Every structure is written in structure tokens, then in C-alpha cells.
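With the first letter of the sequence shown counted as 1, position 245 gets the number 943 in this note's numbering; the numbers rise by one all the way through. Think of the CB as a built atom: it goes at the ideal place given N, C-alpha and C, for glycine as much as any other residue. On a predicted model such as this, the values are computed, not experimentally measured, just so you know. Have a look at the structure below, then the notes.
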Amino acid sequence: LTPHSPHRRLGVWLIGARGSISTCVAYGLAGLREGLLEPVGIATEYEPLSRLSLASLDDIALGGHDVCMRDLSLSAAELVKHGILSSDLVAASAPHIAAFETRIRAGALDEPDVGVADLDPRSARLGGAPPREQIARIAQDIDEFRRELDLRRVVVVNVASTEAFRHELSEWSDLDAFERALDTGRSQPASMLYAYAALTSGCPYVNFTPNRGSSPAALRELARQKKLPHCGSDGKTGETLVKTVLAPLFASRALRVLAWQGYNMLGNRDGEVLADVSHRETKVKNKNEALRSILNDERLHTHVGIDFVPSLQDWKTAWDFIHFEGFLGAKMSLQFTWSGSDSCLAAPLVIDLARLADFAAENGEAGEMLHTASYFKAPIGGGSHDFHAQFDALVAYAERHLAPGRSRGASRERGSTPRA
Ligand SMILES: NC(=O)c1ccc[n+]([C@@H]2O[C@H](COP(=O)([O-])OP(=O)(O)OC[C@H]3O[C@@H](n4cnc5c(N)ncnc54)[C@H](O)[C@@H]3O)[C@@H](O)[C@H]2O)c1
699 LTPHSPHRRL GVWLIGARGS ISTCVAYGLA GLREGLLEPV GIATEYEPLS RLSLASLDDI
759 ALGGHDVCMR DLSLSAAELV KHGILSSDLV AASAPHIAAF ETRIRAGALD EPDVGVADLD
819 PRSARLGGAP PREQIARIAQ DIDEFRRELD LRRVVVVNVA STEAFRHELS EWSDLDAFER
879 ALDTGRSQPA SMLYAYAALT SGCPYVNFTP NRGSSPAALR ELARQKKLPH CGSDGKTGET
939 LVKTVLAPLF ASRALRVLAW QGYNMLGNRD GEVLADVSHR ETKVKNKNEA LRSILNDERL
999 HTHVGIDFVP SLQDWKTAWD FIHFEGFLGA KMSLQFTWSG SDSCLAAPLV IDLARLADFA
1059 AENGEAGEML HTASYFKAPI GGGSHDFHAQ FDALVAYAER HLAPGRSRGA SRERGSTPRA
């Protein structure tokens, strides 16, 4: 149990509530509650993070926005077909999922996104409304969720599709200018309107997508003004995770990386969205930045290709080729292949981040949650991209906040292998 208001639950509001990640979050939490799953991949369930006073996994209520009308059971059926969810889990989770389904509201479509499958006409209308009207509607839905379930806090997490790339607007650098732009009705990315609505409704905010969200200076200023924690952006779940573990090896051994080429194939809806060049641009920029920064080489020859390969479904495959030079000019190479279920890798991180954002808010922490950098490809607030350094920072944060003598029965030793 959490020491704070143990009888009131934590609300997690998922933007992109009908998507694959949200579906895995919802079925994962339901499966844990039903005793069907072990919390594999949820780092906050293991030492030392598990010793923080975090919201219990049983005390999380889900709600959210989406712009499509696909039933959660249909999203789940897709994941059963892809070999990700088991039919037993789906059957046992039905009551939890039905409750979540009643708490999904029509969100705001990002203006350039006209061709979403099963598009909810209410979302198309809302996306075309003036930004202030969109924000008011989003905030009202979140407030209703909090009120109806008597939640002690709502954390808003963006897991919506990658938006089309937009060049930076001048009003993004300053909150007053952004407020004025909202007043004049100038179109803004939906992710920024969601972030604005979350923060002005008193909710900590997590951006798991490469979308702008709360990253621009104007929104960061808003978070500080509202004394709320926020973090993002773009979850580090697969190829980039491995890259940021491996790249420090080359830097530490003073080996010269000549080229780092990556090629990703993915077959889920995210891949379908990224098949569009304007959406792909939003994603690829995060993937190159991490490498250049760790290797301290702005001109590093690096390229990430992303292709949509429908038959792979949720199983993303990445192949990386690293060409490097050692002493006496010897040229060598390292190659790795990564095949992972994108949504299974992402869902536990979303759960960790929601709990950590809640914890930070409970502690009165405001602004960028720098200690969560290990979860992101493009951490808000910058800092090292080296996974080891980032994870050490998270452990150091946990150690600073550990309740003395606190022992949660469910704590697990890091490295102890949970049973299947
Ligand atoms: N899976 C991973 O490993 C991973 C890693 C990093 C980032 N991400 C990002 O997470 C996001 C979600 O991934 P996914 O695999 O669940 O995708 P998905 O396509 O299965 O789900 C996205 C959902 O967002 C909805 N949506 C689109 N625009 C919206 C809007 N304006 N408001 C509300 N909902 C909207 C879609 O209808 C869809 O249901 C993507 O942006 C992806 O790039 C995923």
C-alpha cells in the first residue's frame, strides 16, 4: 500500500488508448491483478526502485483518449494473433477491460492526420476546432475521470501515433507567446494541446512518443509554473536501447567508429504510420542524436532506415552494422540483430513512468524528471544518452528518496529471474 491516501487510486490517462501499447498496459495490469502474470520488465517492481513509496499496481485505474473507434477487444484479438497476448489472459481480463472501455473518450485528431483507420467523426470535428476549444474538451474529460472515480491524482501519458513532422514555430519558445497563439487560433500539434490540457488540469505528464508534447520551452515553462513533473520523449525500447548500451564501449576504449548503419523493419500500426515520410522524419531525428552525442562526433556517418513490413506484425526487427577502426588503422565491424515485440517492451516502461511521475508529484518535484532519462531516446532536459550513466542516475535518485527501513513485501532483487 502507498503511504499517501491508500484508499484513493491513481488514474492513468492514456492518449492513444486503443493502440497496441495501451492494450498491453491494460491487459498487463489486469493479468497482474488476476495473478496470471509476473511483473517482468517493470523495473519499479524490483530493487531498488521497488523500495520507493510508489502506487501499487492494483491501485491504478485507466482511462484515455483515442481518435479511432476500434474496440479494445479487437486490438487485443490482433495481439493474440501476433502471439503477444494469450487467450486465457484476454478472457480473464474481460471485466477490467470493459471498465476501461467505458472511460475512453473521443480525442483530438492532429490536423495533418486525415486518413486514420476507423476514424471517430467526433475526433475529426474536435481536431478542426480552435485550439482553446480542443484543450477545454480534453481537460474536461480528464477532470470527469478524476471526479467519477475519486482518484487522488491523474498522470497523463501520451502513447498516440507519431505525428507528422512540423517545423518549430516561434511561439513554442515562450509561454506568453504560446498563450497568445492559442488565443488567435493558430493550429498546433495535438500532442502539445494534450500536454497543455494535462498540465493546466494539474496532471503530471509523460510523453512516450516522438511527438512534441511537453518538450518545447513554452510547455516546460508551464510545467514549472504549475509545479508539476513531466518527462519524455520517445520511449527507448529496442534498437536505440541497445545502441546506447554499446556505443559507450567504443568511446571508452577510444575506438574510432567510422559508420553506424541501422535498419528497422516493423509491421504494426506504428510501422504503417512511419511508412509516411513526414511521420518518419519525427522519429528518425531522435535515433541519430543519441549516437552522435555518446561518440562525441557530430559528423558521424550514421543512418537509420525504417520500413513497414506488414508480415512482421508487432515483431520489430532491427539490424545494425558498426564499422570501426582500431590501433594501426585496423578496420573491424560489429553487427547485431534485434527482434522484439514492440508493445511488450513498451508497456512496462509506461507503467514505470506513470508511477515515477506520480511519486515525483507526491514529493513536490516540478519540471523535467531528469532521472527518467534512461527511458527515452530524446530525454527532455538533455544530459547523457549513455544508458549506464542514465540508469545510475535513476538508482541514485531512488537511493536519495528511499523511505528509511521501508520494506515492501513484494520487492524483488534486481537480477533475480521471475518465474514465467
Ligand atoms: N512500441 C515501442 O516500442 C515504442 C517505442 C517508442 C515510442 N513509441 C511510440 O508510441 C506510440 C504508440 O505506439 P503503438 O505501437 O501503441 O501505436 P498504435 O498505432 O498501435 O496506437 C496509437 C493509437 O493512437 C491513436 N491516435 C492517433 N492520433 C491520436 C490523437 N491525436 N489523439 C489520441 N489518439 C490518437 C490511434 O488511433 C491508435 O489507436 C507511437 O507514437 C510510437 O512511435 C513506441
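How many angstroms separate the CA atom of N986 from the CA atom of L847?
Roughly 42 Å between the two C-alpha positions.
Could you check what DSSP says for D1090 in three-state terms: helix, strand or coil?
Helix.
Buried or exposed: E1023, going by 16 or more other Cβ atoms within 10 Å of its Cβ?
So E1023 counts as exposed.
Distance, Cα to Cα, L699 vs E1060?
Residue confidence is low: L699 scores 38 on pLDDT, short of 50, so the model does not pin down where it sits. Its coordinate-derived value is still stated next. L699 and E1060 have their alpha carbons spaced roughly 15 Å apart.
Between the Cα of G762 and the Cα atoms of P737, G805, Y744 and S771, which residue gives the shortest distance?
The residue with the shortest Cα to Cα distance from G762 is G805.
Looking at C-alpha atoms only, which residue of A815, I802 and A988 is the closest neighbour of I840?
That would be I802, whose Cα lies nearest to the Cα of I840.
Confirm the yes/no value for this check: CB of G883, any heavy atom of ligand 1, distance under 7 Å.
Answer for G883: no, Cβ out of range of ligand 1.
Are the CB atoms of M890 and R910 nearer to each other than 8 Å?
Yes, the pair counts as a contact, with Cβ atoms nearer than the cut-off.
Pairs of beta-carbons, one from the segment 1092-1102 and one from the segment 738-749, closer than 8 Å: are there three or more?
As far as the Cβ criterion goes, the segment 1092-1102 touches the segment 738-749, which means the pair count is three or higher.
I want to check one thing, is the minimum distance from the CB of V857 to the heavy atoms of ligand 1 below 7 Å?
Under cutoff, so the answer is yes.
In the DSSP assignment, what are the bridge partners of E1066?
The bridge partners DSSP lists for E1066 are H928.
Suppose you measure from the CA of L1100 to the CA of L1054; what does that come to, to the nearest Å?
Approximately 13 Å, taken between the alpha carbons.
Within 7 Å: the Cβ of V971 and any heavy atom of ligand 1?
Look at V971: its beta carbon is less than 7 Å from one of the heavy atoms in ligand 1.
E846, enclosing alpha helix (DSSP H) - first and last residue
For E846, the enclosing alpha helix (DSSP H) covers residues P829 to E846.
Looking only at its chain, what residues have a beta carbon closer than 8 Å to the beta carbon of S913, apart from the 5 residues adjacent to it on each side?
Non-local beta-carbon contacts of S913 in its own chain, meaning distances under 8 Å to residues more than five positions away in sequence, involve N905, G930, S931, A1076 and I1078 in chain order.
Which word fits G965, buried or exposed, when buried means at least 16 other C-beta atoms lie within 10 angstroms of its C-beta?
Burial call: buried.
By Cβ distance, which residues of its chain are closer than 6 Å to R707, with the 5 residues on each side in sequence left out?
If the five residues before and after R707 are omitted, its C-beta is found closer than 6 Å to the C-beta atoms of D757, A759 and L849, all from its own chain and listed in chain order.
Bounding residues of the alpha helix (DSSP H) (the contiguous stretch that carries L1054):
Residues D1040 to E1060.
Three-state secondary structure (DSSP) of E1023:
DSSP places E1023 in strand when its eight states are reduced to three.
Kindly indicate which three-state DSSP category T974 falls into: helix, strand or coil?
Per the sequence presented here, residue 974 reads as Asp, with Thr not at that position. Residue state, collapsed to three classes: coil.
Cβ of D974 within 7 Å of any heavy atom in ligand 1?
Every heavy atom of ligand 1 is 7 Å or more from the Cβ of D974, so no.
Secondary structure of L699, DSSP reduced to three states:
In this prediction, L699 scores a pLDDT of 38, lower than 50, which makes its location untrustworthy; the coordinate-derived value is nonetheless stated afterwards. Correct three-state label for L699: coil.
Touching or not, the segment 1000-1008 and the segment 960-980, by the rule of three or more beta carbon pairs under 8 Å?
Contact between the segment 1000-1008 and the segment 960-980 is present, with at least three C-beta pairs closer than 8 Å.
Could you pull the start and end residues of the alpha helix (DSSP H) that V857 belongs to?
Careful: V857 lies outside any alpha helix (DSSP H) and carries neither H nor E.
What three-state label does DSSP hand I719 in the structure shown?
In the three-state reduction of the DSSP assignment, I719 falls in the helix class, which pools H, G and I.
Quick one: grab the DSSP three-state call for T800.
Coil.
Is D808 near ligand 1, judged by its Cβ being under 7 Å from some heavy atom?
Yes, the Cβ of D808 comes within 7 Å of a heavy atom of ligand 1.
Along the beta strand (DSSP E) that carries R954, what are the first and last residues, could you check?
Counting along the chain, the unbroken beta strand (DSSP E) around R954 starts and ends at R954 to L964.
Kindly indicate the opening and closing residues of the beta strand (DSSP E) around F1006.
H999 to F1006 is the extent of the beta strand (DSSP E) around F1006.
Looking at V765 and V1048, is the spacing between their C-beta atoms short of 8 Å?
One thing to note: V1048 has its Cβ no nearer than 8 Å to the Cβ of V765.
Take P810 as the anchor and find which of M1067, S976, K941 and L947 has the nearest alpha-carbon.
Cα-wise, what sits closest to P810 is S976.
Burial state of P902, where buried means 16 or more other Cβ atoms lie within 10 Å
When all chains shown are included, P902 counts as buried.
Find the nearest neighbour of H780 within the set A1091, K1014 and P1046, judged by alpha-carbon distance.
Here the closest residue by C-alpha is K1014.
Check whether the segment 727-745 touches the segment 865-883, taking contact to mean three or more Cβ pairs, one atom from each stretch, closer than 8 Å.
In short, these stretches do not touch, since the Cβ pair count stays below three.
Measure the C-alpha to C-alpha separation of R823 and S791 and round it to an integer number of angstroms.
C-alpha separation (whole angstroms): 33 Å.
Distance, S718 Cα to L953 Cα
L953 and S718 have their C-alpha atoms spaced approximately 39 Å apart.
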